[in-house]
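Numbering that gives the first Met the number 0 puts the first residue of the sequence shown at 0, with every later residue one more than the last.
Take a look at the structure below.
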Amino acid sequence: MTEPNPHEETIRHSPSPRRILVLGATGYIGGRLVPRLLQAGHEVRVGVRSPEKLRGVPWVDDVDVRTIDLETGEGLADAMVGIDVVHYLVHSMGSGGDFEIRESRSASRAIEAAEAAGVQRIIYLGGLHPDKDSLSKHMRSRAAVGRIFLDSTVEAIIFQAGIIIGSGSASFEMIRHLATTLRWMPAPNWVSNRVEPLSVRDVLYYLLSAVDVEDHVNGTFDIGSRDVLTYAEVMRAFARIAGLKPRHVIAVPLPAPTLSGIWVGLVTPLPFSLTLPLVQSLQEDAVTDDAEVDAIISVPETGLLTYEQSVRLALQRETEGAVDTNWDADSGLLAQSAKPLPNDPHWAGRRVFSDDRRYRFTGIAAEDLWQVIVGIGGDNGWYSLPIAWKVRGVWDKVVGGAGLNRGRRLPESLRVGDPVDWWRAEIVEPHSQLLLHAEMKVSGEAWLEFTIDETADGVDYRQRAIFIPRGIRGRLYWAFVSPFHRLIFPAMAKNIEKAARKNRRRR
């Protein structure tokens, strides 16, 4: 008998399809929940403050989009009309200021509109926390929102989860960036606190299953993986799973949450408005107190993912593809929950640096420009500061890289896989795109991309350097070379344009 694959995700059609309003559909959880609701057969309406944030989202044409401002209540009453269930997935933690007051006011407006419209159930995702009075501002705010819903006339199912494992989750990204940046981590004393990570796949399973709970339920339920670790163990395990060298976490006496949050903000790309309240919430254990949720929702057939399985799934989805594009309402295809989405925050996933330059060249054709680009490197050179390229090539050769003297196979044409000095061609789309992957010795992964879009009077030309660093050395490398880009890349574009105009005159 074949064992079930714990990474597989099966969405069954709901026995009683509902009309569902998702508030927070542009957020991390909301953006992943909507396609699952659609595949389960529900009729979905989404309420967002800025509908333009949904541009490019694969499922946008399959939902009813309403403009709602929770801070003023504008649009709420109309959006609630005809709705059976509300998924309230709104959090203001990263918005700065006094988010605690704003969250309570927004929740009160939402529940008043839900009561007036006759909504049957509201489902909310809060955070795991000890049953005590002295909570962090972040946890206190989430608990207060949960109480507002429980005290209303609308039936409420309140889930409480710890750190959520998946690309784009703030807590997971904090762990990722700390582990990939620092091999020796002086860490605040909260790293010895216990936490029960939960895969984003399983969070979504509970949120989806809560719609079909038949009994009258009005209560709070802890959800977790049953896999309890310390934060230090979480970071060390991430490094091992990601194939990094062992990470050493050293607890130091830094109890002040604000100081800890500033430290995390400096080391990771997450904004201070997120790291400060997030770190404050790490001052306490975040583990489930009971398994009462099992009485209303059974665990997934493949079981709850362990922390290691969750991390492996998140990293696997990233390598398979960076954009979640495979939702299709007709075929029922479902995007994977652990993948990054187009509207995830800029700090989600691996840290990416880029130098992106765009130009419009009039009076030349795409074929003229392409002839220059596809012949770059080798004897034709790189069209700017030859001495700088030669110095970099010599250094790369000294440290064991390919250097510049590898040249290229043919002077005027390229195929995928061909070498171009220390680069290798990954994408060759004639008259459109050339993507080169660096094979130089450097602490990270680097690409150089050239794209051409033909216009009525010429071409739009884009020249982009992309770098994904490994650790501190990779970031220092980018900091060192990026000032040279300001000198080299404009000159490269200018000289490529000149060469293209010569090609045009020869035709």
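Beta carbons are placed, not taken as given, at the ideal position from N, Cα and C, and that holds for glycine.
{"Query": "Secondary structure of Met-184, DSSP reduced to three states", "Result": "strand"}
{"Query": "Check whether Val-84 and Arg-120 have beta carbons under 9 Å apart", "Result": "yes"}
{"Query": "Cutoff 9 Å: Ala-155 Cβ touching any chain B Cβ", "Result": "This model lacks chain B altogether, as it is built from one protein chain only."}
{"Query": "Cβ contact (3+ pairs, closer than 8 Å) linking the segment 41–51 and the segment 215–225", "Result": "no"}
{"Query": "Nearest candidate by alpha-carbon position, reference Gly-74, set Ser-170, Leu-88, Gln-38, Leu-22", "Result": "Leu-22"}
{"Query": "Bridge-paired residues (DSSP) for Ser-353", "Result": "Ile-465"}
{"Query": "DSSP three-state assignment for Gln-282, whether helix, strand or coil", "Result": "helix"}
{"Query": "Arg-44, buried or exposed, once every other Cβ within 10 Å from all chains shown has been counted against 16", "Result": "buried"}
{"Query": "Cα-Cα separation between Val-298 and Val-202, rounded to whole angstroms", "Result": "11 Å"}
{"Query": "Host alpha helix (DSSP H) of Trp-369 (start-end)", "Result": "365–372"}
{"Query": "Beta-carbon proximity check, Ile-164 vs Ser-191, cutoff 9 Å", "Result": "no"}
{"Query": "Assigned secondary structure, Ser-133 (DSSP; H/G/I helix, E/B strand, else coil)", "Result": "coil"}
{"Query": "Inter-residue spacing [alpha-carbon to alpha-carbon] between Ala-109 and Leu-69", "Result": "7 Å"}
{"Query": "Validate contact between the segment 272–290 and the segment 127–135 using beta carbons, cut 8 Å, 3 pairs", "Result": "yes"}
{"Query": "Limits of the unbroken alpha helix (DSSP H) element including Glu-99", "Result": "98–116"}
{"Query": "Distance, Gly-473 Cα to Val-251 Cα", "Result": "26 Å"}
{"Query": "Stretch-stretch touch, CB-based, cutoff 8 Å, three pairs: the segment 479–491 with the segment 454–461", "Result": "no"}
{"Query": "Rounded separation between Val-322 and Ile-465 - CA only", "Result": "Annotation note: pLDDT 30 at Val-322 (below 50); position unreliable, coordinate value reported separately. When rounded, the distance between both Cα atoms is 17 Å."}
{"Query": "Option in Ser-208, Leu-304, Pro-187, Ala-106 with minimal Cα separation from Gln-279", "Result": "Pro-187"}
{"Query": "Sequence ranges, beta strand (DSSP E) only - wholly within the segment 21–85, length at least 3", "Result": "42–47, 63–66"}
{"Query": "Arg-239, enclosing alpha helix (DSSP H) - first and last residue", "Result": "230–240"}
{"Query": "Straight-line gap, Asp-452 to Gly-362 (C-alpha atoms, nearest Å)", "Result": "14 Å"}
{"Query": "Where Val-419 falls: helix, strand or coil (DSSP)", "Result": "strand"}
{"Query": "Of the residues Ala-143, Leu-88, Glu-111, Ile-67, the one placed nearest Ser-103, counting alpha carbons only", "Result": "Ala-143"}
{"Query": "Neighbourhood of Ala-328 by C-beta distance below 6 Å, restricted to the same chain and skipping five residues each side", "Result": "At Ala-328 the pLDDT is 34, less than 50, meaning the model places this residue with poor confidence and gives no usable figure here."}
{"Query": "Where Gln-119 falls: helix, strand or coil (DSSP)", "Result": "coil"}
{"Query": "Per DSSP, the bridge partner or partners of Trp-446", "Result": "His-436, Ile-465"}
{"Query": "Closest Cα partner of Pro-429 within the set Pro-482, Glu-438, Thr-450", "Result": "Thr-450"}
{"Query": "Cutoff 6 Å; reference Tyr-382; Cβ partners in own chain excluding five residues on either side", "Result": "Met-491, Asn-494, Ile-495"}
{"Query": "Limits of the unbroken alpha helix (DSSP H) element including Val-202", "Result": "199–208"}
{"Query": "Same chain, Cβ closer than 8 Å to His-215, five either side skipped, listed in chain order", "Result": "Glu-154"}
{"Query": "Same chain, Cβ closer than 6 Å to Trp-189, neighbours up to 5 away in sequence not counted", "Result": "Leu-281, Gln-282"}
{"Query": "Option in Ser-353, Asn-502, Leu-368 with minimal Cα separation from Ala-445", "Result": "Ser-353"}
{"Query": "Contact belief for Ala-387 with Phe-479 at Cβ below 8 Å, rounded distance in angstroms", "Result": "The pair is not a contact, with the Cβ atoms about 13 Å apart (cut-off 8 Å)."}
{"Query": "Limits of the beta strand (DSSP E) - the one that Ile-156 falls within", "Result": "154–160"}
{"Query": "Reduced DSSP category for Ile-487 - H, G, I as helix; E, B as strand; rest coil", "Result": "helix"}
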